[in-house]
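Protein chains in written order, with the working numbering: chain A, 1 to 92; chain B, 1 to 92.
Backbone N, C-alpha and C fix where the C-beta goes; we use that ideal spot for every residue, glycine too.
These numbers come from a predicted model, not from an experiment.
In what follows, a structure is listed as structure tokens, so that the remarks can point back to it.
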């Protein structure tokens, strides 16, 4: 992350949107099998963590994830970072 | 289904949208655990069938599913019916 516009840095690929401090990232994949694997991993993560994203929207080659702010009303960087970590097994 | 406006009947809860003959249904649930179970079952179905919905959009208590037309360009009633059948285990 080379930019710093005065906000705390967000995890790679995420942006903070609007006054409500939701976070958004689009994850792109080459094929539906990878997209599906990511959605499955995301589902397992939410079960393990006892959380749920505000919204997940996916089609053949992308998954758009929107996160609610955390309990303190701040962008949920911790959950975003854990979601990013789901990419590693597929990319390894 | 008590209405028949000249179209073939669609599986329960589904509507056909637009000239492209996509199909749409909103599935509603009481809690995220049920929503997540349905998304997981839908993911497994798509893997088993080698298909993918055009779009899936879900949040805590709903899953919106949009299906492409089938190979003949008709609303994909068969896939819609198989998705409906996923509701039975959770409701049983």
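query = So what does DSSP say about residue 35 of chain B, is it helix, strand or coil?
reply = helix
request  = Can you say whether residue 28 of chain B is buried or exposed, counting buried as having 16 or more other CB atoms within 10 angstroms of its CB?
outcome  = exposed
ask   = CB-CB under 8 Å to residue 58 of chain B, same chain, minus the five flanking residues each way: which ones, in chain order?
value = 35, 39 and 64
key: Cβ-based contacts, 7 Å cut-off: residues of the stretch 25–42 of chain A near chain B   = 32, 36, 39 and 40
Where the alpha helix (DSSP H) through residue 84 of chain B begins and ends = 77–85
ask   = What in chain E is Cβ-close to residue 83 of chain B, meaning under 7 Å?
value = The structure shown contains no chain E; the protein chains it does contain are A and B.
request  = Consult DSSP for residue 9 of chain A and reduce its assignment to one of helix, strand or coil.
outcome  = coil
ask   = Could you give the distance in angstroms between the alpha-carbon of residue 50 of chain A and the alpha-carbon of residue 72 of chain B?
value = 43 Å
key: Buried/exposed call for residue 80 of chain A, threshold 16 Cβ in 10 Å   = buried
ask   = At a Cβ cut of 7 Å, what residues of the stretch 41–66 of chain A count as close to chain B, listed as they run along the chain?
value = 43, 46, 47, 52, 54, 55, 56, 57, 58, 59 and 60
query = Buried or exposed: where does residue 32 of chain B fall if 16 or more other Cβ atoms within 10 Å of its Cβ makes it buried?
reply = buried
ask   = Helix or strand or just coil, what does DSSP make of residue 46 of chain B?
value = helix
request  = Rounded to whole angstroms, what's the CA-CA distance from residue 47 of chain A to residue 83 of chain A? Just pull it up for me.
outcome  = 13 Å
message = Could you tell me the alpha carbon to alpha carbon distance between residue 53 of chain B and residue 16 of chain A, rounded to whole angstroms?
response = 29 Å
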